[in-house]
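Chains as they are written, first to last, in my numbering: chain L, 1 to 477; chain V, 1 to 477; chain P, 1 to 477; chain A, 1 to 477. Where a beta carbon is used, it is the ideal one built from N, C-alpha and C, also for glycine. Remarks on the structure that follows.
4 protein chains.
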Amino acid sequence: MTKPISGKIVAQHNSRDSCWIIVHGKVYDVTEFLDGGSKIILKYAGKDATQEYEPIHPPSAIIDNLPPERHLGPVEEGTVEKVEVRITDEEKARLQRVEARPPLSEILNLHDFEAIGRLTMPEKAWAYYSSASDDEITNRENHAAFHRIWFRPRILRDVTNVDWSTTIIGHASTMPIYISATALGKLGHPEGELNLTRAAAKHGIIQMIPTLSSCSFDEIVDAAQPDQVQFFQLYVNKDRAITKRIDMRMAFDAEDPHEIGKSGSDKVDRSRGAAKAITGFIDPGLKWADISWFKSITRMPLILKGVQTWEDALEAYDQNLAGIVLSNHGGRQLDFARSGIEVLVEVVEKFKEKRGITFPNDRFQLLVDGGVRRATDVLKAIALGATAVGIGRPFLYAFSTYGVDGVDHALQILQDEFEMNLRLLGAGTIKDVVPDMVDVSNIRSHLVTVPRDRLYDINYESMQHARLRDTKAKTKL
Amino acid sequence: MTKPISGKIVAQHNSRDSCWIIVHGKVYDVTEFLDGGSKIILKYAGKDATQEYEPIHPPSAIIDNLPPERHLGPVEEGTVEKVEVRITDEEKARLQRVEARPPLSEILNLHDFEAIGRLTMPEKAWAYYSSASDDEITNRENHAAFHRIWFRPRILRDVTNVDWSTTIIGHASTMPIYISATALGKLGHPEGELNLTRAAAKHGIIQMIPTLSSCSFDEIVDAAQPDQVQFFQLYVNKDRAITKRIDMRMAFDAEDPHEIGKSGSDKVDRSRGAAKAITGFIDPGLKWADISWFKSITRMPLILKGVQTWEDALEAYDQNLAGIVLSNHGGRQLDFARSGIEVLVEVVEKFKEKRGITFPNDRFQLLVDGGVRRATDVLKAIALGATAVGIGRPFLYAFSTYGVDGVDHALQILQDEFEMNLRLLGAGTIKDVVPDMVDVSNIRSHLVTVPRDRLYDINYESMQHARLRDTKAKTKL
Amino acid sequence: MTKPISGKIVAQHNSRDSCWIIVHGKVYDVTEFLDGGSKIILKYAGKDATQEYEPIHPPSAIIDNLPPERHLGPVEEGTVEKVEVRITDEEKARLQRVEARPPLSEILNLHDFEAIGRLTMPEKAWAYYSSASDDEITNRENHAAFHRIWFRPRILRDVTNVDWSTTIIGHASTMPIYISATALGKLGHPEGELNLTRAAAKHGIIQMIPTLSSCSFDEIVDAAQPDQVQFFQLYVNKDRAITKRIDMRMAFDAEDPHEIGKSGSDKVDRSRGAAKAITGFIDPGLKWADISWFKSITRMPLILKGVQTWEDALEAYDQNLAGIVLSNHGGRQLDFARSGIEVLVEVVEKFKEKRGITFPNDRFQLLVDGGVRRATDVLKAIALGATAVGIGRPFLYAFSTYGVDGVDHALQILQDEFEMNLRLLGAGTIKDVVPDMVDVSNIRSHLVTVPRDRLYDINYESMQHARLRDTKAKTKL
Amino acid sequence: MTKPISGKIVAQHNSRDSCWIIVHGKVYDVTEFLDGGSKIILKYAGKDATQEYEPIHPPSAIIDNLPPERHLGPVEEGTVEKVEVRITDEEKARLQRVEARPPLSEILNLHDFEAIGRLTMPEKAWAYYSSASDDEITNRENHAAFHRIWFRPRILRDVTNVDWSTTIIGHASTMPIYISATALGKLGHPEGELNLTRAAAKHGIIQMIPTLSSCSFDEIVDAAQPDQVQFFQLYVNKDRAITKRIDMRMAFDAEDPHEIGKSGSDKVDRSRGAAKAITGFIDPGLKWADISWFKSITRMPLILKGVQTWEDALEAYDQNLAGIVLSNHGGRQLDFARSGIEVLVEVVEKFKEKRGITFPNDRFQLLVDGGVRRATDVLKAIALGATAVGIGRPFLYAFSTYGVDGVDHALQILQDEFEMNLRLLGAGTIKDVVPDMVDVSNIRSHLVTVPRDRLYDINYESMQHARLRDTKAKTKL
């Protein structure tokens, strides 16, 4: 074992020319990573960066990606100057709020996790999880689109026993949902994505492992139960052979999570950073012709995520993929992209017209994500032909507020909602949830009301109700 | 008569193993009811539960449903420890507000009862009456749907005499409305549903008696005038023969009204409770094939409530029922179910197409409920083919605030509105209110506006009016 | 001349059995008027009622309508007990605001009069002028409907000279507007309707004299210039022969203006009063068959006001009337009646289809009223086929705030707006304002958005702009 | 050189009869300009008007437009009474806010400039730049219309290299945008329009020089780089030969910018002033027949700005113009005129139908302006057939807040947005942005929601989230 290095020595390597950092008690020379222009690394030059490194990278990332000769060895205990952590008044108030979280029994729906999360999560986590691109219009439209679909419930059907289990790409699921891949789980909770893995096991549903997870792929797979099915989300790197072991997550430094914060909370040049990030670690040259290469290297079923038109859906079908995810990436990419649920309607319609096939369809499955908060949202997608629906942010808020128990509780809420709503719909099983059960005629209506004429509006003196007689008791309303 | 039991003895039976309660001075052993998991019963184990029992159960419920050997006899006077009733400051303020209610002459429309009720009703009553399921979207849509229907009034018709009486399932009614069945009337007023019975008699309209009334069926029927017509709402129990006399209202304990409260006021696991409740006391196995059994046991006309599609309406017609109520149960069941008034349009259209019949139609009557606040709402339904319209919550608010006089006044408001609006519509009688008098072309438009871009909106500096010159007198606006 | 009566004697006649009042120094026995149930008369029994009488009745009303034997003669000077007029603090503040009115040069559009009026008018006048029926939805829809019509302006047309004069029912008007008949002008200003007469003369437009004016018909006619054209609005009384001289305005007592106040400001039983009033002094038995009788007694052209469907418009045409006013009476009658501008579209369409005629049309003119605030509103109606548009409330606010000068200024604003907007539209004259210049495709869209799910909405944390650096200067936004 | 004139002498010429003013140290007799009724000139009679003159007129305007004999010569130094400039508290606060502007790196999108501008710009500049005509409905609709167009992005296309340069009327542009002509640049920044010229040069885009610029045409052209392309906006004066050298900008005095202020901030008779101004200096007699005359005097391509219907677009095409700008002049002219982007859809549709041609089209180019804030807005117009899009107000806010650097930064933001959004759209070049990439089906929907019934709405008690337990930490939400 190498001789421990004094913290004072490390502290001298604090510049572009020589930049050392300490992570988990080891010293690394990361000077070569500075080329990417990452201000964030330089900020910790000569210091202990563990706390900053932790939520963004899997433990092995630095070891794997840095040549062995840059692993300089352990730091000498007690020699590293403590980075004085100032707990701001704001942070103190937040920690008090964390203590004041209500018991899980008071969390009645998925919205509630977000409400508590907003008050109790570290600002950085809240900002990253809740934000989206440009004016965040697609992000909110994802949810709003479900409100343009209404139910046509049937009555007097025997729904003594209802069963909402299903099969997704050949794998059983107790519910027609799966956990979407979302990045940087440790921002919200020290166990990160493992919270999702464990709750998914308990409830018998599928987790999609994100490329940009905080936990390593191995950690997440190891946390799974023996028979637990997981999907893997693959962001395709430029270097298709993946011989260079630059972990994508390192590249993510180029998009310092400090910098992805909601505009207003962390004011930095977000748009340029994002543009660069996409250029930097996701291959913008990926094209239809590459699909055959992927099929040549794996026997696993391939699903294409991010399809947003029937034309691309048809191409995926013609290329014999196993399915697609109709998704706009949670509103994080092109603003004014339509919601997955709206695209679903168009896809089903055109497949019928162009290929004569209907959905759900085992040979080619349609998955949808974005904006889901209730089992009724899911059932609308099912009625329209989807096999299952991905849910992402709500589970992030669930583990950020209550850890694995939060995710478990969130899934139980959904289980209960499925049971009740299947009964109310008059459907005994998922197969009984059919197109006639929804009115989808307004789905394409992207309406904007005419700007109001304020001069008229503020002249209007609103009607008022009957009022209590004049007493001091009038304060409530 | 049995020897009175000391309150101290009763107090010892306060556990799952032996649970006694006192109601109206009598002691009961209700241990066997604990199996349903009712926390609420256990809360009163060994104590006087009268006050809690009163608004939820008819007086005879416990006597009827508990085997005689569990009727332990009277409690010894003066031996029951007084449950100290703390009147909170909030409750004191509410009682002051009750005192400050305006005179009925200031209540100008049905909205006003709700406004006063919100300020003066016990929180539990307000929470239960005003709440609905999930995001309460269907609940509000019920009212909003009427706003998408506009009038085409006719002029220069002799409306010196107008007459808005009609016939509902063969029974005369002074107005084309009836009182919908609603549960737990004593939460709002000690006389509960009897307020409705009495006011209905005075105004010559029909009351639908709820299955889950606070007053007993007998009490309600007894309160009726000799010739007063009442309808009975039947929730069908699993045990079709109804030999077991478990009153449904006992089962309701499983859904403690404390627990049905609006989320936010009483934070408990609402969704699971509701799911269980439905499973527990309404038979989810009820199906079309059972209709013939019902027809075999009664000669009364049968109306099917809760129809929400033309398909089910047609089935009801083909099974020779007397009519249907197009209803989503006040938005208390499946959220995003459409309003009754919207379904009415589809039903009338399809009956014309499929069976060639038009409405109103004596052989098969269409009733509608949900969201009605004005006689104009009712007249829209009439124009579209309904025979009558059910009104529920407004009458609950009316008796919760002013007892029977409130309901009487509410009905008088409607009488006056019918008179005036029939004249303004150019219709002498209910039969003159025809489809051409409404424009219903927007009824299916479930619109959601595109999310606003706040960055643009808050940059817009609204125009302002001419302003008073600079004096101290400017404060009003 | 009769001997003056002592005020003390008058004061004794203060009951239902004998009710005397003093108006303009004369004593009247109005006991017989009490049958109508008018509380307001009784309030002044035995007292000087002049101040209350003044704004509601023309001076001669009581003389004309009361039999001579009830004219008891002059009251003895100095014997009437002064009714102590308490000026409330609220009234003092209002009078200060009146003093603070901005100069007319700061009144830029018709909205501005209303804004100033709201702050400075007597509460009773504001309440009566601004209110409408039920939920006041039609009242606001009248204005909103214009916002669904958009312009298609033409360019490169020589608009050096523009001319917006026109001819209404054969009479020249400098603008395609007229002053609608509105009731109770003296509530807002001591000169009442005469303000309108005088300003109309100055601007060469037509005033429609209301049946329920505060000033007498003779006063209004006398105030006109020799060649000034006036229209007369006729509310038809039950007693068609008009032999009984009960002035309609007396009947109006049944609808005490105190009682017509906006709900909330004066809490009384408004709906029943209004219903009775309509029954009481406007003949609800008036029918199409009566039209010929009207034509037999006058050679003046007859226009039918209040038409709201193409069916009735067609009937009026077939009965050879000179024209119609498409109107819902300013939203004061049937709520959810459609706006005049919307009905116009349907009428023009159906006349083309049924009779092959187009508009504008001299033989049968279409007038429209309701919700107009800008010359652009008027031009939309003109483009769609109207001959002229009636404007009512804005002129009431204009004279209530600035007397005749206000109305003059309001009309000048309209003149200027017509000049500018005709140029911008590319139309040299009113005839050049044609259907192609408007897009009316949304006119029938009566849309209501889906109720929002508040749980989602309040979780959304709005984006924020760039902010100033932290200084004390941030307060403005 | 003339002998300097004493300020005291000048001060005596302060009336309608003789009105002298000092500008840049020279004395001018401007008595003859008073005929236009310009109060603003009279306000400075006998005084130094430089500060007021500066932002509105190019330096040479007074020299060019006043006959030499009215150039009275230099004023004697030190003799002019200093106009005491009172800096109000409000102005002091504004100057503090100017100091607190955030660094440009915190300006993330075009909205941000406006947000900072609103807080830091001189009130007069903000009022003039941000205002529009009537109720400013068209002004806001211009932006809102883009929200009714949604994207259909394509995936798996090689977008490694993306290129958003294009050619506008034969001239290369690095982006499919140009800088619209906007008036009175010096109100916002001393360098006025030169800021735009310089930033346009740096980014290789085209500036349209306004007729009513603060800087002179020569100054703006001189500031351009040798090869920099500029367009010139020509407001056509009545005197077509332009022999009389009355600079239009002098005429603009008739519309004193003080008087164009947003109603509410500067209360003057805006509508009449605007009507007069249009009559005064833009020839309302301009007509299609004049086009040939313009073509006869220049060989430069002519583009017609302000086209708002397909009919006029077709006429422009048939008259062989080089293109048109679909524009409603930023909502500053006819309110309720439709947005350029909406008109674009109609124009493209009708050209296909009437002439069989499609867009973009080199022979006849379609430009659009109004309401643009994001590259996505531009890309929507491109997809629909526009060649380029004009952007105006955002650049005014950019230089008003940060001078030329602001405009440079604004353009860089757009460059970055184009790069990212082309990738996300799946388009390698501007030519790949095709109609199928947008859903424009809602573009004609000018919707207004039904007025809400406040009585119902305020009775609704909104659902609430789970809440923190009762601690003092609850304040954040």
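Of all the options the options, which has the alpha carbon lying nearest to the alpha carbon of residue i?
i, options, result
"residue 288 of chain L", "L/301, L/314, L/298, L/299", "L/314"
"residue 291 of chain L", "A/81, A/158, A/63", "A/158"
"residue 309 of chain P", "P/296, P/302, P/347, P/303", "P/347"
"residue 317 of chain A", "A/111, A/356, A/62", "A/356"
"residue 461 of chain L", "P/127, P/102, P/90", "P/127"
"residue 49 of chain V", "V/22, V/34, V/380", "V/22"
"residue 409 of chain V", "V/64, V/112, V/41", "V/112"
"residue 446 of chain V", "L/147, L/415, L/75", "L/147"
Quick test of your reading: residue i and residue j, contact by CB under 8 Å. State the CB separation rounded to the nearest angstrom.
i, j, result
"residue 116 of chain P", "residue 449 of chain P", "Residue 116 of chain P to residue 449 of chain P, Cβ: 33 Å. No contact."
"residue 398 of chain L", "residue 392 of chain L", "Incorrect: roughly 11 Å between the Cβ atoms, too far for contact."
"residue 144 of chain P", "residue 451 of chain A", "6 Å"
Using a Cβ cut-off of 8 Å (strictly closer), state whether residue i contacts chain V.
i, result
"residue 111 of chain P", "yes"
What residue range is occupied by the uninterrupted alpha helix (DSSP H) comprising residue i?
i, result
"residue 344 of chain P", "340-355"
"residue 399 of chain P", "393-425"
"residue 23 of chain P", "Taken as a continuous stretch (DSSP letters only), residue 23 of chain P belongs to no alpha helix (DSSP H), being part of the beta strand (DSSP E) at 20-23."
Looking at chain A, is there any beta carbon in it that lies within less than 8 Å of the beta carbon of residue i?
i, result
"residue 164 of chain P", "no"
"residue 359 of chain L", "no"
"residue 440 of chain L", "no"
"residue 89 of chain L", "no"
Starting from residue i, follow the beta strand (DSSP E) in both directions and report where the run begins and ends.
i, result
"residue 28 of chain P", "26-29"
"residue 369 of chain L", "365-369"
"residue 455 of chain P", "Here residue 455 of chain P belongs to no beta strand (DSSP E); instead the alpha helix (DSSP H) covers 454-459."
For residue i, would you say it is in contact with chain L, using Cβ-to-Cβ distances shorter than 8 Å as the test?
i, result
"residue 456 of chain P", "yes"
"residue 158 of chain A", "yes"
Quick one: does residue i have its CB under 8 Å from some CB of chain P?
i, result
"residue 334 of chain V", "no"
"residue 459 of chain L", "yes"
For a test of your reading of the model: does the CB of residue i fall under 7 Å from any non-hydrogen atom of the ligand MG? Yes or no.
i, result
"residue 346 of chain V", "Ligands are entirely absent from the displayed structure, and the ligand MG is therefore not among its contents."
Quick check on residue i - is its C-beta less than 8 Å from some C-beta in chain B?
i, result
"residue 308 of chain V", "This model lacks chain B altogether, as its protein chains are L, V, P and A."
Exercise. What residue ranges within the stretch 286-334 of chain V form continuous alpha helix (DSSP H) runs of no fewer than 4 residues, ordered along the chain?
Worked result: 291-297, 310-318
Exercise. Which ranges does the beta strand (DSSP E) cover as unbroken runs of at least 3 residues, wholly within the stretch 88-148 of chain L, from first to last along the chain?
Worked result: none
Problem set entry | In chain order, each alpha helix (DSSP H) run of at least 4 residues that lies wholly inside the stretch 174-240 of chain P | 194-203, 217-222
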